[in-house]
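To start, the structure itself, in structure tokens.
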DNA sequence: ATATAAAAAGACAAAATTGTCTTTTATCTT
DNA sequence: AAGATAAAAGACAATTTTGTCTTTTTATAT
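Chains as they are written, first to last, in my numbering: chain P, 1 to 153; chain H, 1 to 153.
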């Protein structure tokens, strides 16, 4: 349908934002997150595994276990999350889908698309989880269909 | 996977560009296009039907039939094609997938994403098929994996 | 009239994405 | 040691997207 980020990626962003808002002192159970964020538990588990193996999150098994951000949220950018889940296809591929489209033998849209793409990349690269969670708490913005940041500590 | 435009949409763009490069004097058979552009004939047929019912292309059955652009290519923008195939989801929806995210009750990414999205929209809105086909012919750019505009008349 | 060309329509199949469920492994608590 | 908690792993199902094939409709040409 055309949607920039996959659903997995969107879920991953929401969950990461949630974790950043909770700080990285304690581990947060995925079950809790899945309920708060209204995302299927098992599906979310898989997504977070991708972020864990990318080194953005760390997990711990057993009681008091869960996941948390490795670094403090101000050091994690949206770009890292997007790349970990959706790869860099969006940020490198030709808008007309031509393999190997580049400076050497571009498609007619190459230049314009490269600019637009850079706009997307820049936005993702210079937006941190910390920044968003701070803004979210300050104005009690939405992190789920209905609810905001208010209860998140 | 995250890819801005669906494959259908990318095919639709390539085909529209092909048609624009051929002018709108004669009807071009879809079979011919599908071969030149290396896109599955039946799949392409469906995609072009969407563009036809959106009023961007017109078709004619029987011998010497095919499809052509309704208006001359300088009046058709990429935005029209993208909206006809992928809808305006990409250009309106929340980056975090929250339904009804807007000024009234935004998500933390709302503002930044709105800007980025406008960048995409503007690029699509102010790029015409004519502009691209002109550029494509002038520099023999790529419209297929291997081939360029050279043979397109 | 008949044959041919080509889009339209619709049934069907394959692949990718999204979502669910069960089992295994690691860790903690008692 | 036994039970409880929670992530990891993997099998399976539903849905969406992508792709293929056949039949129908409309027009042309002989």
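The beta carbon of each residue, even a glycine, is placed where N, CA and C say it ideally should be.
Below-8 Å beta-carbon distance, residue 119 (chain H) vs any chain P residue: Position 119 of the second chain, counted from the start, is the residue given in the question as residue 119 (chain H). Cβ-Cβ to chain P under 8 Å: yes for residue 119 (chain H).
Against chain H: residues of the segment 58 to 86 of chain P by CB proximity under 9 Å: So the list reads 78, 82, 85 and 86, given in the order they occur along the chain.
Integer Cβ distance of residue 14 (chain H) from residue 51 (chain H), believed to fall under 8 Å: Counting from one through the second chain, the residue named residue 14 (chain H) turns up at place 14. Counting from one through the second chain, the residue named residue 51 (chain H) turns up at place 51. Distance from residue 14 (chain H) to residue 51 (chain H) at the Cβ level is roughly 12 Å; contact not present, criterion being Cβ atoms closer than 8 Å.
Start-end ranges of the alpha helix (DSSP H) lying completely within the segment 69 to 139 of chain H, minimum 4 residues: You should have 78 to 86, 89 to 92, 110 to 125 and 129 to 139.
Cut-off 8 Å between Cβ atoms - residues of its own chain near residue 140 (chain H), not counting five sequence neighbours on either side: Numbered from its first residue, the second chain carries residue 140 (chain H) at position 140. Here the set comprises 148, 149 and 150.
Best match in H:115, H:130 and H:94 for proximity to residue 106 (chain H) [C-alpha to C-alpha]: On the second chain, residue 106 (chain H) is found 106 positions in, with the first residue counted as 1. Measuring from the Cα of residue 106 (chain H), the nearest candidate turns out to be H:94.
Interface residues of chain P facing residue 112 (chain H) [CB-CB closer than 8 Å]: Locating residue 112 (chain H) in the second chain gives position 112, where the first residue counts as 1. The answer, in chain order, is 123 and 127.
Proximal residues of chain P, C-beta to C-beta of residue 116 (chain H) below 7 Å: Within the second chain, residue 116 (chain H) is the residue found at index 116, counting from 1. Ordered by position in chain P, the residues that pass the 7 Å Cβ test against residue 116 (chain H) are 119, 120 and 123.
Helix, strand or coil at residue 143 (chain H) according to DSSP, with G and I counted as helix: Taking the second chain and counting its residues from 1, one reaches residue 143 (chain H) at position 143. Coil at residue 143 (chain H), not helix or strand.
Cβ pair count under 8 Å reaching 3, the segment 97 to 116 of chain H against the segment 75 to 88 of chain H: The segment 97 to 116 of chain H is not in contact with the segment 75 to 88 of chain H.
Closer than 8 Å to chain H by CB, residue 165 (chain P): Residue 165 (chain P) falls outside the range modelled here, since chain P spans only 1 to 153, and no answer is possible.
Nearest neighbour of residue 77 (chain H), chosen from H:121, H:6 and H:4 [CA to CA]: By one-based count along the second chain, residue 77 (chain H) stands at place 77. Here the closest residue by C-alpha is H:121.
Span separating the alpha-carbon of residue 133 (chain H) from that of residue 108 (chain P): Within the second chain, the letter at position 133 stands for residue 133 (chain H). Within the first chain, the letter at position 108 stands for residue 108 (chain P). Distance between the alpha carbons of residue 133 (chain H) and residue 108 (chain P): 7 Å.
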